[in-house]
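Everything in the sequence shown is counted per my numbering, starting at 1 for the first residue and increasing by one.
Glycine residues also receive a C-beta, built at the ideal position from the N, C-alpha and C atoms.
Model, not experiment: these values are computed from the prediction.
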Amino acid sequence: MRGLSVKSKLIHDGDEKTFVLVFDTGDEVVTNLLAFAKAQKLAASHFAGIGACERVTLGFFELERKDYKKIPINEQVEVMSLLGNIALEENGEPKVHAHMVVGLPDGTAHGGHLLEAHVRPTLEVFLTESSKPLRRKMNAEFGLALIDLTE
């Protein structure tokens, strides 16, 4: 894995800030999104992206196990949709929550929770940060930290 090298540019600076992030070959998506969130002190963001990856691990949340079933895809894929958000965990650290749909060479698609993805050749992400923070709170029933709107 390469270092945290995602390139970024602020393209709108108002009540909401909008950044463009460009990932290069070898960049790991979740790690770099989290590093960017920490560096920018993001607390309530949403993002969308397209591009391509050479290796992806998606997840399907199994309620009875309270854990993700891993779905590895070890070939070149088109990122048809990357959607997600960033909110603060109970400890105040940002948490990336993302889903991805990828297309395989035969035209089939696979999707799920994004656990890991290695870019090849590029991934372009538009990220918007809102002015008011969002927080996650652990939900014991599901074993997941869910966005809490009561604060």
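Open item on the list: Within the continuous beta strand (DSSP E) that includes A117, where are the two ends?
Closed with: Locating residue 117 in the sequence shown gives position 117, counting from the first residue. In this chain, the beta strand (DSSP E) harbouring A117 covers A109 to E129.
Open item on the list: Taking the straight line between their C-alpha atoms, what separation do you get for G112 and F126?
Closed with: In the sequence shown, the residue the question calls residue 112 occupies position 112. In the sequence shown, the residue the question calls residue 126 occupies position 126. Roughly 20 Å between the two C-alpha positions.
- [ ] Return the first residue and the last residue of the beta strand (DSSP E) that T57 is part of.
- [x] The sequence position of residue 57 within the sequence shown is 57, counting from 1. A44 to E62 is the extent of the beta strand (DSSP E) around T57.
Task: the region 11 to 20 in contact with the region 95 to 113 per 3-pair CB rule at 8 Å - done: no
- [ ] Can you grab the Cα-Cα spacing for the pair L34 / P94, in whole Å?
- [x] Locating residue 34 in the sequence shown gives position 34, where the first residue counts as 1. Locating residue 94 in the sequence shown gives position 94, where the first residue counts as 1. C-alpha separation (whole angstroms): 7 Å.
Open item on the list: If you reduce the DSSP assignment to three classes, tell me which class K9 lands in.
Closed with: Numbered from its first residue, the sequence shown carries residue 9 at position 9. Strand.
- [ ] Starting from the C-beta of A109, find all residues in its chain whose C-beta is less than 6 Å away, skip the five residues before and the five after it, and write them out in chain order.
- [x] Position 109 of the sequence shown, counting from 1, holds the residue named residue 109. Cβ neighbours of A109 beyond the five flanking positions: V101 and G103.
Open item on the list: By alpha-carbon positions, which one of D67, A98 and N74 ends up nearest to A140?
Closed with: Position 140 of the sequence shown holds residue 140. Of the candidates D67, A98 and N74, D67 places its Cα closest to the Cα of A140.
Open item on the list: I'd like the list of long-range same chain contacts for G59, defined as Cβ closer than 8 Å, with 5 residues on each side in sequence excluded.
Closed with: Counting from one through the sequence shown, the residue named residue 59 turns up at place 59. Y68, K69, K70, I71, G112, H113, L114 and L115, listed in sequence order.
- [ ] Output the distance between the C-alpha atoms of E90 and D27, rounded to the nearest integer angstrom.
- [x] Counted from its first residue, the sequence shown places residue 90 at position 90. Counted from its first residue, the sequence shown places residue 27 at position 27. Rounded to whole angstroms, E90 to D27 spans 28 Å at the Cα level.
TODO: List the endpoints of the continuous alpha helix (DSSP H) containing N32.
DONE: As a first step, residue 32 must be located in the sequence shown, where it is residue number 32. Element bounds for N32: V29 to Q40.
TODO: Within 10 angstroms of the Cβ of A44, are there 16 or more other Cβ atoms? Answer buried if so, exposed if not.
DONE: The residue given as residue 44 occupies position 44 in the sequence shown. Buried.
Open item on the list: Please report the straight-line C-alpha distance between I73 and P133, rounded to a whole angstrom.
Closed with: Taking the first residue of the sequence shown as 1, we reach residue 73 at position 73. Taking the first residue of the sequence shown as 1, we reach residue 133 at position 133. Those two C-alpha atoms are separated by around 34 Å.
Task: Rounded straight-line distance, which links the Cα of V29 to that of T57 - done: As a working note, residue 57 is residue 57 in the sequence shown. As a working note, residue 29 is residue 29 in the sequence shown. Those two C-alpha atoms are separated by around 11 Å.
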